[in-house]
Amino acid sequence: MTPMHELHDIHPVTMREPITFHCTQCSECCRNIRDSVMLAPYDAFRLTRHLRRDHAEITIEDVLMQYCEPKPLSRGYVIYVLKTVDDSGVCGFLKDGKCSIYAARPRTCRLYPFSVGPGVVDSYMAWYLCTERKEHFNSGTTTAREWKYKSLPREEEDAILAEFRCIAQMGKLLRRIPETVIEHATLQSMLFAYAYYDLDEPFLPQYLRNMKELMQQLQRLA
Ligand code: SF4
Ligand code: SF4
Numbered sequence: 000m001t002p003m004h005e006l007h008d009i010h011p012v013t014m015r016e017p018i019t020f021h022c023t024q025c026s027e028c029c030r031n032i033r034d035s036v037m038l039a040p041y042d043a044f045r046l047t048r049h050l051r052r053d054h055a056e057i058t059i060e061d062v063l064m065q066y067c068e069p070k071p072l073s074r075g076y077v078i079y080v081l082k083t084v085d086d087s088g089v090c091g092f093l094k095d096g097k098c099s100i101y102a103a104r105p106r107t108c109r110l111y112p113f114s115v116g117p118g119v120v121d122s123y124m125a126w127y128l129c130t131e132r133k134e135h136f137n138s139g140t141t142t143a144r145e146w147k148y149k150s151l152p153r154e155e156e157d158a159i160l161a162e163f164r165c166i167a168q169m170g171k172l173l174r175r176i177p178e179t180v181i182e183h184a185t186l187q188s189m190l191f192a193y194a195y196y197d198l199d200e201p202f203l204p205q206y207l208r209n210m211k212e213l214m215q216q217l218q219r220l221a
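Numbering (numbering that gives the first Met the number 0), first residue to last: 0 to 221.
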């Protein structure tokens, strides 16, 4: 997959534009993921719930520490990306050529070769196509619309749209935070976005509550 700092192979697409694409399940896109598979807060929540089936005591913090690494994206704003096996670039969840967490794979994986970003209005997301790999664009047809219905449950779509709105707001506040307290603000942002959840409760109401509390804290610091 394309690392986040090399986005020249990412192109906007319309929802109904036909795309020649067929996945042969070769798993090549899982073998070169360094810095490219982001775990959004919803992904971390879903993955922890999934892993809890075999590890009853596992927490979101455990998952972030064991399987992910933090990546600063802008001043005060840090996301998590999946770790690779040693320095090989291979995803640690790839086992015998298959994704071992398929039902709970992160958004980046379930949408690939598509991806999404904030749209021009809050209730829409913009869709993009990654053209870094040529081999899977030789046969078959799909559209972003079809991919969306196939890959994004409604609950996840709502979580993504909420996340885009909150990140924009958080970014504005973080830019105003004085240097003396930026480390504290960064830590608070990571904890509220990723960690403060009850895994037995639905994600979105908790995320919205956390973000509201975070914005109040950032406003006090700004
Ligand atoms: S999306 Fe492409 S690279 Fe990934 S498994 Fe399918 S064919 Fe292989
Ligand atoms: S989480 Fe699964 S789908 Fe995503 S890169 Fe790893 S093995 Fe591939």
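We put the beta carbon where it would ideally sit given N, CA and C, even for glycine.
Residue i vs residue j beta-carbon contact at 8 angstroms
{"i": "Y123", "j": "F113", "result": "no"}
{"i": "I181", "j": "G75", "result": "yes"}
{"i": "Y79", "j": "Y196", "result": "no"}
{"i": "T83", "j": "R33", "result": "yes"}
{"i": "L38", "j": "C67", "result": "yes"}
{"i": "L198", "j": "R52", "result": "no"}
{"i": "S188", "j": "M214", "result": "no"}
{"i": "L81", "j": "V119", "result": "no"}
Reduced DSSP secondary structure (H/G/I, E/B, other) of residue i
{"i": "H4", "result": "Here H4 scores only 45 on pLDDT, less than 50, and its place in the model should not be relied on; the value that follows carries that caveat. Coil at H4, not helix or strand."}
{"i": "P69", "result": "strand"}
{"i": "T58", "result": "coil"}
{"i": "K97", "result": "strand"}
{"i": "G116", "result": "strand"}
{"i": "A221", "result": "coil"}
{"i": "I176", "result": "coil"}
{"i": "P152", "result": "coil"}
{"i": "C25", "result": "coil"}
{"i": "I32", "result": "coil"}
{"i": "Y193", "result": "helix"}
{"i": "W126", "result": "strand"}
{"i": "L198", "result": "coil"}
{"i": "T142", "result": "coil"}
{"i": "T19", "result": "coil"}
Segment limits, alpha helix (DSSP H) that includes residue i
{"i": "L50", "result": "40-50"}
{"i": "L110", "result": "106-110"}
Supposed close pair residue i, residue j - CB separation, criterion 8 angstroms
{"i": "V77", "j": "T185", "result": "6 angstroms"}
{"i": "I176", "j": "L217", "result": "7 angstroms"}
{"i": "V115", "j": "I159", "result": "6 angstroms"}
Enclosing beta strand (DSSP E) for residue i [first to last residue]
{"i": "I9", "result": "9-12"}
{"i": "C90", "result": "Note, C90: premise wrong, no beta strand (DSSP E); not H, not E."}
{"i": "V77", "result": "76-81"}
Below 8 angstroms, can you find three or more Cβ-Cβ pairs linking the stretch 14-23 to the stretch 140-147?
yes
At least 3 beta-carbon pairs within less than 8 angstroms: the stretch 101-119 vs the stretch 40-49
yes
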